[in-house]
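Trainee: Here's a structure for you.
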Amino acid sequence: MPNLSDPYRDRYAGRVAGMSGSEIRALFAVLARPEIISLAGGNTYTEPVVDRVLDCAQAVLARAGSKALQYGAGTGLEELRIRLVELMALEGIEADPHHIVVTDGGQQGLELLGKIFLDPGDVVLTEGPTYVGALDAFSSYQADIRSVPMDDDGLVPETLEQALGALDREGRRPKFLYLVPTFQNPSGVTLHPDRRGRILEIARRADLLVIEDNPYAQVRFEGEAVTPLRVLAPDQVIYLGTLSKVFSPGMRIGWVLAPEPVRDRLVLAKEAANLCSSPFTQMVAATYLGSGHVPEDLELVRKTYRERRDAMLDGMEAHFPRQAVTRPPGGGLFLWVTLPAPLNTKAMLAKALDAGVAYVPGTAFFPVKRDGRLAMRLNFSYPSVDEIEEGMRRLGAVITEELELARSLEG
Amino acid sequence: MAKIAVVRGGRSLEREISLRSGHHVASALRHLGHEPHELDVDERLTSGLEAMDAVFVALHGRDGEDGTLQGVCEALGLPYTGSGPLACHLSFDKGILKGVLDRAGIATPAGHVVSAEAVRRLGAGSAVRRGAERLGLPIVVKPVTQGSALGLSVVEEPDDLSAGVMAAFNYADRVLLERFVDGVELAVSVWGPDLEPLPPVEIRTASGVFDFSARVNPGGADFLCPAELDADTLAAVNAAAREACRTLQMRDFARVDMVVDASGPKVLEVNPCPGLTESSLLPLAVATAGHTFEDFIRVVTDAALARA
Chain A
1 MPNLSDPYRD
11 RYAGRVAGMS
21 GSEIRALFAV
31 LARPEIISLA
41 GGNTYTEPVV
51 DRVLDCAQAV
61 LARAGSKALQ
71 YGAGTGLEEL
81 RIRLVELMAL
91 EGIEADPHHI
101 VVTDGGQQGL
111 ELLGKIFLDP
121 GDVVLTEGPT
131 YVGALDAFSS
141 YQADIRSVPM
151 DDDGLVPETL
161 EQALGALDRE
171 GRRPKFLYLV
181 PTFQNPSGVT
191 LHPDRRGRIL
201 EIARRADLLV
211 IEDNPYAQVR
221 FEGEAVTPLR
231 VLAPDQVIYL
241 GTLSKVFSPG
251 MRIGWVLAPE
261 PVRDRLVLAK
271 EAANLCSSPF
281 TQMVAATYLG
291 SGHVPEDLEL
301 VRKTYRERRD
311 AMLDGMEAHF
321 PRQAVTRPPG
331 GGLFLWVTLP
341 APLNTKAMLA
351 KALDAGVAYV
361 PGTAFFPVKR
371 DGRLAMRLNF
381 SYPSVDEIEE
391 GMRRLGAVIT
401 EELELARSLE
411 G
Chain B
412 MAKIAVVRGG
422 RSLEREISLR
432 SGHHVASALR
442 HLGHEPHELD
452 VDERLTSGLE
462 AMDAVFVALH
472 GRDGEDGTLQ
482 GVCEALGLPY
492 TGSGPLACHL
502 SFDKGILKGV
512 LDRAGIATPA
522 GHVVSAEAVR
532 RLGAGSAVRR
542 GAERLGLPIV
552 VKPVTQGSAL
562 GLSVVEEPDD
572 LSAGVMAAFN
582 YADRVLLERF
592 VDGVELAVSV
602 WGPDLEPLPP
612 VEIRTASGVF
622 DFSARVNPGG
632 ADFLCPAELD
642 ADTLAAVNAA
652 AREACRTLQM
662 RDFARVDMVV
672 DASGPKVLEV
682 NPCPGLTESS
692 LLPLAVATAG
702 HTFEDFIRVV
712 TDAALARA
């Protein structure tokens, strides 16, 4: 009997079974329609840097000529790594350019860390919820991902201890703890400064490696900067950075800052993956970072995000039922909204798309897809204030109607 | 050679599948020597159609399978592929479809339709629970108008009923509660002037439910074609597919989804514009019958052009 669904099905590696998520992607095909306001993506405000990129690209080609269009080193260009060290120094991180591997966005950093650290079945601890791209990267290496709940101040140290204790009783030792400690995606939560030392102390006692993913700290528009984990424990933390939020996601520049032995393995993995990141875009990025324009451009980005976040909070106040709650983030790109039971944001997405507004259901951010059904992630960095106002009006109407119907059904 | 509009994409949640269907159809039309124009649904669509010789409807769900686009073509006097507006109307609404099939004596699982309006204004929440009880759990809950099994769930426990009904209400204002039939899931496509059945495709899923997730996630379902059926069952399945399509006055091609248990086939859905992607069920059946996809597109397109 022929099996016609996929003639290649018996040839795939076991790890493809862990790759999923086609469901939401298929529904999001309608996002291409002009009538839909998307609060779903993670795009950033790149208008301020368009002309800069044009200038930098011209300067790079005039200076480097055809060398800009050749292969480069797997580690990344030294001129860029030096600039990245300067950028990290703004947050107090002391780093050696030699300890940096440039990657294609932060996402490739996650992928390479999965590649060098994870065997099938290895346990990885994350915040719950956590960044969906990290879940995708680690599950493609068949990791057993366990999420540790957060509260308004981030990962709860006691809960982390309990999770480690439970794993210890199972005879399991996690490979690493993955954290987005500042303006976390999706929750917007920042790990409280008082907790940072405790989390690192718990990790140190458990001999647990910590991966700090820090894309959003530079897009803070309120409050005081918080010291990165890497500053508190340089030997214990592998640090992931990206230019996606401070420059452009489309340039695909990220990096991993790691102790030398780990860096050496990452370079091998990077070369096997794609030889090197584009030297041309690395040169453009390095030129931009050295241009002196970064502070003023970032200030405009921060001002814009604050206005857009405020518009989103106003829209929530005006149009969402009172039981819907969020924690207003002082930075980052996202609002994480929790709706009252018995709503299911994954099921409700169809109605929202029909009403002309899109969001990402909370279930996408948990390894176990039953979790997060009451939550949704809303993006305020990309849509304009007008689009946010209209999008929140549409979404509020959908939620209100859904809640009324659910109550009538139960009644 | 004819200028043929391939209408695909659209506003429905099956947009992605429709874009792939449309692309597949357009490349077949090109191989056949026609001039295909892939068009999306927007306010310029009708004026775009007026310059064409015919329309190939590759639009799933809303606008494409509910008779909307077919009505526009009728008004323009433009030949189009597939069934007419009435057949589309009758099959698009699963509640109406069930009634039409019942009257014609074609077996379909028992079911009740409840509207959101009744739940809101008539206190019909209790009718949902009573209706489910009368059918006996497990039941299948689905929106009356939606393709690709979007919003479909199998409710096994009373506590899960509300969540299943709420999920279905996200896709339509009316929900069908249907008796769950534990059997072999089949898709039987028909084509040509006599609505000739193609070899049935059997659908096997890991979860036991051919829902949207199983449809779009690679590896979510296995399709076996031809399905392993004894001669009597095959004859009954083919007769049910053909009879359902004749009753509805389907034209050119259609796909009938059914489930077969010990008492025979029961029709679940009739799709006037089923998926036509490279990995869709109808093209698999066409290939199993020994035809190329171009053969299929030629027969369907020629039939439409002959109606000009």
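Same order as they appear, the protein sequences are chains A and B. Counting in the numbering used here, the first sequence runs from 1 upward without gaps. Counting in the numbering used here, the second sequence runs from 412 upward without gaps. Glycine included, C-beta positions come from ideal geometry on N, C-alpha and C.
Give a yes or no on whether 9 Å exceeds the smallest Cβ distance from A32(A) to chain B.
Mentor: yes
Trainee: Please state whether the Cβ-Cβ distance between P610(B) and A642(B) is less than 9 Å.
Mentor: no
Trainee: Any beta-carbon of chain B closer than 9 Å to the one on E317(A)?
Mentor: So no, E317(A) is outside the interface.
Trainee: Between P629(B) and chain A, is any beta-carbon pair separated by less than 9 Å?
Mentor: yes
Trainee: On the three-state DSSP scale, how would you describe E476(B)?
Mentor: coil
Trainee: Straight-line CA distance for M1(A) to G542(B)?
Mentor: With a pLDDT of 43 at M1(A), under the threshold of 50, the predicted position of this residue should be treated as unreliable, and no value is reported.
Trainee: Taking only beta carbons into account, state which residues of the region 340 to 358 of chain A come closer than 9 Å to chain B, listed in chain order.
Mentor: P342, L343, N344, K346, A347, M348, L349, A350, K351, A352, L353, D354
Trainee: Could you tell me whether the Cβ atoms of L395(A) and L39(A) are closer together than 9 Å?
Mentor: yes
Trainee: Less than 9 Å between CB atoms is the rule here; does D235(A) satisfy it with respect to chain B?
Mentor: no
Trainee: Chain B beta carbons: is any one of them nearer than 9 Å to that of D6(A)?
Mentor: yes
Trainee: Taking Cβ positions, are M392(A) and A318(A) nearer each other than 9 Å?
Mentor: yes
Trainee: By Cβ distance, which residues of its chain are closer than 8 Å to A225(A), with the 5 residues on each side in sequence left out?
Mentor: E91, A217
Trainee: Could you check whether the Cβ of N581(B) sits closer than 9 Å to any Cβ belonging to chain A?
Mentor: yes
Trainee: Quick check: V648(B) and P608(B), are their CB atoms within less than 9 Å of each other?
Mentor: yes
Trainee: Taking 8 Å as the limit between beta carbons, can you name the residues of its chain near E260(A), skipping five residues before and five after?
Mentor: H98, H99
Trainee: Take the Cβ of L533(B) as the centre, count every other Cβ of all protein chains shown within 10 Å, and call the residue buried at 16 or more, exposed below.
Mentor: exposed
Trainee: Give me the Cα-Cα distance between V219(A) and G250(A), rounded to the nearest whole angstrom.
Mentor: Cα to Cα, the separation comes out at about 17 Å.
Trainee: Classify I428(B) as buried or exposed, calling it buried when 16 or more other Cβ atoms lie within 10 Å of its own Cβ.
Mentor: buried
Trainee: So S20(A) contacts chain B; which residues on that side make the cut at Cβ distance below 7 Å?
Mentor: N628
Trainee: Within 10 angstroms of its Cβ, does K346(A) collect 16 or more other Cβ (buried), or is it exposed?
Mentor: Label assigned to K346(A): buried.
Trainee: What's the gap between the Cα of D104(A) and the Cα of V237(A)?
Mentor: Taking the straight line from one Cα to the other gives about 21 Å.
Trainee: Would you call K351(A) buried or exposed, if buried means 16 or more other Cβ atoms sit within 10 Å of its Cβ?
Mentor: buried
Trainee: Would you say S291(A) lies against chain B (beta-carbon separation less than 9 Å)?
Mentor: no
Trainee: Just curious, the alpha helix (DSSP H) that N736(B) is in, first and last residue?
Mentor: This structure cannot speak to residue 736(B), because chain B is shown only from 412 to 719.
Trainee: Quick one: what's got a C-beta closer than 6 Å to P685(B)'s C-beta in the same chain, skipping five residues either side?
Mentor: R666, L693
Trainee: If you compare alpha carbons, which of R172(A), L61(A), V284(A), F183(A) is closest to D152(A)?
Mentor: Among R172(A), L61(A), V284(A), F183(A), the Cα nearest to that of D152(A) belongs to F183(A).
Trainee: Does D744(B) come within less than 9 Å of chain A when only Cβ atoms are used?
Mentor: With chain B represented from 412 up to 719, any question about residue 744(B) goes unanswered, as that position is not in the structure.
Trainee: Apart from the five residues just before and just after L275(A), which ones in its own chain have a Cβ nearer than 7 Å to its Cβ?
Mentor: Y71, G74
Trainee: Would you check if the distance between the CB atom of T703(B) and the CB atom of V711(B) is smaller than 9 Å?
Mentor: No, the pair does not count as a contact, with Cβ atoms beyond the cut-off.
Trainee: What residue does the alpha helix (DSSP H) around R377(A) start on, and which one ends it?
Mentor: Careful: R377(A) lies outside any alpha helix (DSSP H), inside the beta strand (DSSP E) at 375 to 379.
Trainee: Using three-state DSSP, classify E401(A) as helix, strand or coil.
Mentor: Correct three-state label for E401(A): helix.
Trainee: Assuming G188(A) contacts L335(A) (C-beta within less than 8 Å), just tell me the rounded distance between them.
Mentor: 6 Å
Trainee: Does DSSP classify H471(B) as helix, strand or coil?
Mentor: coil
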